[in-house]
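Asks: I'd like to ask you about the structure that follows.
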Amino acid sequence: MSMTPGTEGELRAGWASRGAVRLSREEQEYKQKLFRKLVKVMDLTLLSTLDEREARLQVQQVCESLMSKESLPFNAGVRQRIVTELQDEVLGLGPLETLLADKSVSDILVNGTTPIYVERHGKLEQTALRFDSDAHLMSIIDRIVSSVGRRIDESSPMVDARLKDGSRVNAVIPPLAIDGPMLSIRRFAVERLGIDSLIEYGSVSPEIARLLEKVVKARLNVLVSGGTGAGKTTLLNILSSFIPPDERIVTIEDSAELQLQQPHVGRLETRPPNIEGKGEISQRDLVRNSLRMRPDRIIVGEVRGGEAFDMLQAMNTGHDGSLTTIHANTPRDALTRIENMVAMSGYQLPPQALRSQIASAIDVVVQVERQEDGVRRLVSVQEVNGQEGEIITMSEIFRFDREGVDADGKVLGRYVATGVVPGFHDHLKRRGYDPGLEIFQNARGVRSWI
Numbered sequence: 000m001s002m003t004p005g006t007e008g009e010l011r012a013g014w015a016s017r018g019a020v021r022l023s024r025e026e027q028e029y030k031q032k033l034f035r036k037l038v039k040v041m042d043l044t045l046l047s048t049l050d051e052r053e054a055r056l057q058v059q060q061v062c063e064s065l066m067s068k069e070s071l072p073f074n075a076g077v078r079q080r081i082v083t084e085l086q087d088e089v090l091g092l093g094p095l096e097t098l099l100a101d102k103s104v105s106d107i108l109v110n111g112t113t114p115i116y117v118e119r120h121g122k123l124e125q126t127a128l129r130f131d132s133d134a135h136l137m138s139i140i141d142r143i144v145s146s147v148g149r150r151i152d153e154s155s156p157m158v159d160a161r162l163k164d165g166s167r168v169n170a171v172i173p174p175l176a177i178d179g180p181m182l183s184i185r186r187f188a189v190e191r192l193g194i195d196s197l198i199e200y201g202s203v204s205p206e207i208a209r210l211l212e213k214v215v216k217a218r219l220n221v222l223v224s225g226g227t228g229a230g231k232t233t234l235l236n237i238l239s240s241f242i243p244p245d246e247r248i249v250t251i252e253d254s255a256e257l258q259l260q261q262p263h264v265g266r267l268e269t270r271p272p273n274i275e276g277k278g279e280i281s282q283r284d285l286v287r288n289s290l291r292m293r294p295d296r297i298i299v300g301e302v303r304g305g306e307a308f309d310m311l312q313a314m315n316t317g318h319d320g321s322l323t324t325i326h327a328n329t330p331r332d333a334l335t336r337i338e339n340m341v342a343m344s345g346y347q348l349p350p351q352a353l354r355s356q357i358a359s360a361i362d363v364v365v366q367v368e369r370q371e372d373g374v375r376r377l378v379s380v381q382e383v384n385g386q387e388g389e390i391i392t393m394s395e396i397f398r399f400d401r402e403g404v405d406a407d408g409k410v411l412g413r414y415v416a417t418g419v420v421p422g423f424h425d426h427l428k429r430r431g432y433d434p435g436l437e438i439f440q441n442a443r444g445v446r447s448w449i
């Protein structure tokens, strides 16, 4: 029996879409036996010198040669699956390879040796795939983290890393993970979404899209707020695409996910401490350093701590048009979280002075949400007006009005303009990016059926 090497990616993706039938106990035991033989007859270190196609072909040929010497009770399909799983073990990430080949998978969640879960189209699904043992899972975790120069052990039981394709990885092992190692992978979007895609999906209205494009081009400072998996980074990528190509952009991230296409982009990424606990480079360090790099705009993937204050300073001192995201459930909560981050960073600013900094730095807050039907949707656009007394005032410009859920579980609703003309409208006009007053007065709304 022989397999066509060029079809293996398609084969794995096909298994993923069918639930990835798991090998029986007898088949698993034979696979492990074959793996031990494979290690004895092959110098696996030499495979790293070959391209992936040639390396997979060599593993396949050796496996088929070894199997041909035995009388096996397995049909051709099972033998093929055993060979492919061994190729994945030797050259890739074991059972994860099947899921990584499936473009519909956005998240992969591993909890010890229990079945692996994935997210498809905003919904969690249990697969038939699992790791054979905690040791098996640990070997794959070690392979991932060591490839990016990081480590994970009892003294450092949590780690962030990323795969070659840019997918974000988080691993937690015992003693923190009580029931065995845990692995979470946020897939890197191979196909970049544009604003037209969000309109098509019902995630944003054409009027909101038009306004956001003008807002970015006119160099207003934008904060994207939302919960985990709500689509903050996706929207940040799309907003960044509106930045003119003649501007210098510096991006700062914990794990590089942004996919800016402009020609003049400087990408910075944080560094964790080494084994001795030294050498850490935080987002705050990078934000401060970026100010010396002559950026026209600074984009911080997500503000989480003391860098919030430095980001405010940058926005207030000539780096207008900057963008960032934050974990928060409402636009008001987003500003409160920034206030708390600055307060916890050690700066002893009076609350009124701090709120004044926030109000003058941030122009627009965009709220995104992953709704129960799995759709990630922009639900509010608000302007930060300024400060009255000790209160930061805000005005909602657009919102998504829910109307219910249909028989298929899809959220129904419409985007409506509130009728408020934002104070920054004059700024847009002066910059030559007037979206037209009519978009703020569109009371009919745009119905979303997706």
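Residue 249 in numbering that gives the first Met the number 0 sits at position 250 of the sequence shown, with consecutive numbering throughout. Cβ coordinates follow ideal geometry from the N, Cα and C atoms, glycine included.
1) With a threshold of 6 Å on Cβ separation, who are the neighbours of V58 within its own chain once the five nearest residues in sequence on each side are excluded?
2) What number of angstroms, rounded off, separates the C-alpha of E7 from the C-alpha of T83?
3) Would you mind stating whether M340 and V364 have Cβ atoms separated by less than 8 Å?
4) Could you check whether D159 and D284 sit closer than 8 Å to each other, using their CB atoms as the reference points?
5) Just to confirm the assignment, what range does the alpha helix (DSSP H) spanning G76 have?
6) Assuming the contact rule is C-beta atoms closer than 8 Å, I396 and P421 should be a hit. Round their C-beta distance to whole Å, please.
7) Taking the C-alpha atoms as reference points, what is the distance between R186 and S105?
8) Considering only C-alpha positions, which residue in the set A360, S344 and S281 is nearest to S320?
9) Express the C-alpha separation of G225 and A352 in angstroms, rounding to a whole number.
10) Between the beta-carbon of D131 and the beta-carbon of Q27, is there less than 8 Å?
11) Helix, strand or coil: how does DSSP classify Y200 here?
12) Our contact map puts A100 next to R161 with C-beta atoms below 8 Å; I'd like the distance itself, whole angstroms only.
13) Straight-line CA distance for N166 to I184?
14) Does R24 pass the burial test, meaning 16 or more other C-beta atoms within 10 Å, or should it be called exposed?
15) Does the beta-carbon distance from L22 to R78 come in below 8 Å?
16) Based on the DSSP output, what are the partners of L108 in its beta bridges?
17) Using 8 Å as the Cβ pair cut-off and three pairs as the minimum, do the stretch 237-245 and the stretch 209-227 touch?
18) Taking DSSP as the reference, what is the three-state secondary structure of H326?
19) Measuring straight from C-alpha to C-alpha, what distance separates V40 and L71?
20) Inspect the beta-carbon positions of V117 and L98 and report whether they are closer than 8 Å.
21) Please determine, among P205, S154 and L348, the residue with the shortest C-alpha to C-alpha distance to V415.
22) Let's test the definition: count the other Cβ atoms within 10 Å of the Cβ of T3 and tell me whether it reaches 16, buried, or not, exposed.
23) Where do the N-terminal and C-terminal ends of the beta strand (DSSP E) with N169 fall, by residue?
24) For the stretch 269-289 and the stretch 306-317, state whether three or more C-beta atom pairs, one from each stretch, are separated by less than 8 Å.
25) Between R55, G431, L33 and R331, which has its C-alpha nearest V223's C-alpha?
26) Tell me the start and end of each unbroken beta strand (DSSP E) in the stretch 194-265 that is at least 3 residues and wholly inside, in chain order.
27) Starting from A176, trace the alpha helix (DSSP H) in both directions and tell me its first and last residue.
28) Taking the alpha-carbon positions, what's the D295 to Q312 distance?
29) Which of the three DSSP states, helix, strand or coil, is assigned to Q381?
Replies: On the basis of the supplied data:
1) Q86 and V89
2) The pLDDT assigned to E7 is 45, lower than 50, so where the model puts this residue is not dependable, and the model offers no usable value.
3) no
4) no
5) A75 to L90
6) 5 Å
7) 5 Å
8) The displayed chain sequence assigns Gly, not Ser, to residue 320. Checked all of A360, S344 and S281; the closest Cα to G320 is A360.
9) Spanning the alpha carbons of A352 and G225 requires a straight line of approximately 26 Å.
10) Yes.
11) helix
12) The Cβ separation is near 18 Å, so there is no contact.
13) For clarity, residue 166 is Ser in the given sequence; the question names Asn instead. Approximately 7 Å between the Cα atoms of the pair.
14) exposed
15) no
16) Y116 and S183.
17) yes
18) strand
19) 20 Å
20) yes
21) P205
22) Bear in mind that the predicted position of T3 carries a pLDDT of just 42, short of 50, making it unreliable; the figure below should be weighed with that in mind. Answer is exposed; the Cβ neighbour count stays below 16.
23) Its beta strand (DSSP E) spans residues R167 to V171.
24) The stretch 269-289, when compared against the stretch 306-317, does touch it at the 8 Å Cβ threshold.
25) The alpha carbon of V223 has as its nearest neighbour, out of R55, G431, L33 and R331, the alpha carbon of R331.
26) The qualifying runs are 221-225 and 248-252.
27) Element bounds for A176: n/a, residue is neither H nor E.
28) 14 Å
29) strand
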